[in-house]
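A.B. asks:
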Amino acid sequence: MTREVGGVLIMAGGTGGHIFPGLAVAAELQGRGIPVRWLGASGGMECERVPAANIPLDAVSISGLRGKGLVRWLGMPWKLSRAVFQAFRVIGRHRPECAVSFGGYAAGPGGLAAWLRGVPLLVHEQNRVPGLTNRVLARFARSVLQAFPGSWPAAAAAVTCGNPVRADVVGLPAPEARMAARNGPLRVLVTGGSQGARALNEKVPAALGLLPESLRPQVHHQAGRDRAEETRQAYRDAGIEARVQPFIDDMARAYAWADLVVCRSGALTVSELAAAGIGAVLVPFPHAVDDHQACNADYLAAAGAAEMIREADCSAQALADLLASLLTSRERLLDMALAARGLAMPDSARRVADLCQEAMAS
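Quick note, in UniProt numbering, the sequence shown goes up one by one and the last residue is 362.
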């Protein structure tokens, strides 16, 4: 068998927020006839998602650095050195012409190995606050890319190119085409991401139960694996009819259906809200590293595309009051949706792919 060489090496993993933007760029590159390989971490989500997208994957042995205890920290230099060596060998075998870090455990050793091999390195940061891996790799990168303006210091000369999101979300009709002629009960989509969010599963049913009958919306709720039945019971206890699923396979269709989303504010979620053009109530995950979810949420809130409420302040009554202020006005929800769409960068995957090709040609 002839070994495929050249092309682009994408390095990302751990969470969907790192993986899905990489998959969007991979699809764009493959559409241009450019070979793509993936470097991930053994046992990570990427080991399922990437092969399913027909992208060859190599895995290195690495895990997170934060909050793992003294013993793990003492062993980390050895583990990191081993992962760099593994990545160095992968890059030597396949000789990519460009490497792109989207963050995650494997991106650190992979990016360092790419630099040692003389492979042009691009770093893409999805959040408004750069993660540890990308902060380190930025020192060695040919180009630093950011989803949101101002994520990196001015000295980094970062290129703002948005977060690559799925084509079916980017391709949704404009908010006014979807929403302007609607009548009847409003539609609320609730999602805490692919794993759900216990706080939203508990607080949203309780809050909706406090609303007068005239304001109660239709509800579609992604509760997360193993949490759907307890969430259904929470809605029953609150006297609210809701469609509850562990996981929503077709998020584009769910966004198109909704008038308002209640959700966390991970980078990918925020970017999908903008691409879809839909207003939101954002409840940032309070334990996110460097409080980056609150910073992401503020980007939409400052533009009038969302309302942010901290989880510590998100009692059932406080959330009910906030939802009541939004659910009384279709016009306001449409304005929020239009503001969100105004922040979208629908050609983000193309922009990143263009920069990859520029690096390959250098």
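C-beta atoms are modelled at their ideal positions from N, C-alpha and C, and glycine is treated no differently.
On the CB-based measure, 16 or more other CB atoms within 10 Å of its CB, does Met-1 come out buried or exposed?
C.D. replies: At Met-1, the pLDDT of 38 sits below 50, so the modelled position is not reliable; the number obtained from the coordinates is stated separately. Classification for Met-1: exposed.
A.B. asks: My output table needs one value for Arg-82: the three-state DSSP class, helix, strand or coil.
C.D. replies: helix
A.B. asks: Within a Cβ cutoff of 7 Å, which residues of the same chain sit near Glu-28, ignoring the five residues on either side of it in sequence?
C.D. replies: Ala-349, Arg-350 and Ala-353
A.B. asks: With the cut-off set at 9 Å, would you say Arg-187 and Trp-257 are in Cβ contact?
C.D. replies: A distance below 9 Å separates the beta carbons of Arg-187 and Trp-257.
A.B. asks: Cβ of Trp-257 versus every heavy atom of the ligand GDP: is any distance shorter than 8 Å?
C.D. replies: This structure lacks the ligand GDP; in fact it carries no ligand of any kind.
A.B. asks: On the DSSP bridge list, what partners appear for Val-244?
C.D. replies: Per DSSP, His-221.
A.B. asks: Using 8 Å for Cβ pairs, my map puts Gly-111 next to Met-11. What's the rounded Cβ distance?
C.D. replies: 6 Å
A.B. asks: Buried or exposed for Gln-317, going by 16 or more other Cβ atoms inside 10 Å?
C.D. replies: exposed
A.B. asks: To the nearest angstrom, how far is it from the Cα of Gln-199 to the Cα of Gly-22?
C.D. replies: One point to set straight first is that residue 199 is Ala, not Gln, in the sequence displayed. Roughly 29 Å between the two C-alpha positions.
A.B. asks: So for Met-11, helix, strand or coil by DSSP?
C.D. replies: strand
A.B. asks: Within 10 Å of its beta-carbon, does Asp-58 have 16 or more other beta-carbons around it, so buried, or fewer, so exposed?
C.D. replies: Buried, because 16 or more other Cβ atoms sit within 10 Å of the Cβ of Asp-58.
A.B. asks: Who pairs with Glu-307 in a beta bridge, going by DSSP?
C.D. replies: Val-281
A.B. asks: Which two residues bound the contiguous beta strand (DSSP E) that contains His-124?
C.D. replies: The continuous beta strand (DSSP E) containing His-124 extends over residues 121-125.
A.B. asks: Less than 9 Å between the beta carbons of Gly-206 and His-221, yes or no?
C.D. replies: The residue you asked about is not Gly; residue 206 is Ala in the sequence shown. Against a cut-off of 9 Å, the Cβ pair of His-221 and Ala-206 comes out as no contact.
A.B. asks: Spatial neighbours of Tyr-255 within its chain, please: CB distance less than 6 Å, with the 5 preceding and 5 following residues excluded, ordered by chain position.
C.D. replies: If we look at Tyr-255 and ignore the five residues flanking it on each side, its Cβ neighbours are Ala-276 and Ile-278.
A.B. asks: Quick one: give me the first and last residue of the beta strand (DSSP E) that Val-144 is part of.
C.D. replies: 143-146
A.B. asks: By the 10 Å Cβ neighbour count, where 16 or more other Cβ atoms means buried, how is Trp-78 classified, buried or exposed?
C.D. replies: exposed
A.B. asks: Are the beta-carbon atoms belonging to residue 373 and Ser-265 less than 9 Å from one another?
C.D. replies: Residue 373 is absent from the structure shown; the chain starts at 1 and stops at 362.
A.B. asks: In this structure, does DSSP put Asp-249 in helix, strand or coil?
C.D. replies: coil
A.B. asks: Quick one: is Leu-116 buried, meaning 16 or more other Cβ sit within 10 Å of its Cβ, or exposed?
C.D. replies: exposed
A.B. asks: Closest to Gly-104 by C-alpha separation, out of Arg-89, Gly-304, Val-289 and Ala-180, would be which residue?
C.D. replies: Cα-wise, what sits closest to Gly-104 is Val-289.
A.B. asks: Leaving out five residues before and five after Arg-82 in sequence, what residues of the same chain have Cβ atoms less than 7 Å from its Cβ?
C.D. replies: Closer than 7 Å at Cβ, skipping near neighbours: Ser-61.
A.B. asks: Please identify the residue among Arg-310, Arg-330 and Asp-249 whose C-alpha is closest to the C-alpha of Asp-259.
C.D. replies: Arg-330
A.B. asks: Just mark Gln-233 as buried or exposed, buried being the case when its beta carbon has 16 or more other beta carbons within 10 Å.
C.D. replies: Under a 10 Å Cβ-count criterion, Gln-233 is classified as exposed, with fewer than 16 other Cβ atoms of the shown protein chains found around its own Cβ.
A.B. asks: Spatial neighbours of Gly-44 within its chain, please: CB distance less than 8 Å, with the 5 preceding and 5 following residues excluded, ordered by chain position.
C.D. replies: Gly-13, Gly-14, Ala-59, Gly-104, Tyr-105 and Ala-106
A.B. asks: In this structure, does DSSP put Cys-314 in helix, strand or coil?
C.D. replies: coil
A.B. asks: Is Met-1 helix, strand or coil when you go by DSSP?
C.D. replies: Any answer about Met-1 is weak, because its pLDDT of 38 lies below 50 and its placement is not dependable; what the coordinates show is given next. Under the three-state reduction of DSSP output, Met-1 falls in the coil class, being neither helix nor strand.
A.B. asks: Just how far apart, CA to CA, sit Ala-24 and Val-165?
C.D. replies: 6 Å
A.B. asks: Quick check: the segment 34-42 against the segment 279-287, are there 3 or more CB pairs under 8 Å?
C.D. replies: no
A.B. asks: Is the beta carbon of Leu-326 closer than 9 Å to that of Glu-307?
C.D. replies: yes
A.B. asks: Hey, would you say Leu-189 sits closer than 9 Å to Cys-263, going by beta carbons?
C.D. replies: yes
A.B. asks: Considering only C-alpha positions, which residue in the set Ala-324, Glu-213, Val-144 and Ala-99 is nearest to Met-360?
C.D. replies: Nearest in C-alpha terms to Met-360, of all of Ala-324, Glu-213, Val-144 and Ala-99, is Ala-99.
A.B. asks: With which residues is residue 388 paired in a DSSP beta bridge?
C.D. replies: Absent from the structure is residue 388, since the part of the chain shown begins at 1 and ends at 362.
A.B. asks: For Val-190, would you say it is in contact with chain D, using Cβ-to-Cβ distances shorter than 9 Å as the test?
C.D. replies: The structure shown contains no chain D; it is built from a single protein chain.
A.B. asks: Should Pro-51 be labelled buried (16 or more other beta-carbon atoms within 10 Å of its own) or exposed?
C.D. replies: exposed
A.B. asks: Would you kindly work out how many angstroms separate the C-alpha atoms of Pro-175 and Asp-335, rounded to a whole number?
C.D. replies: So the alpha carbons of these two residues sit roughly 9 Å apart.
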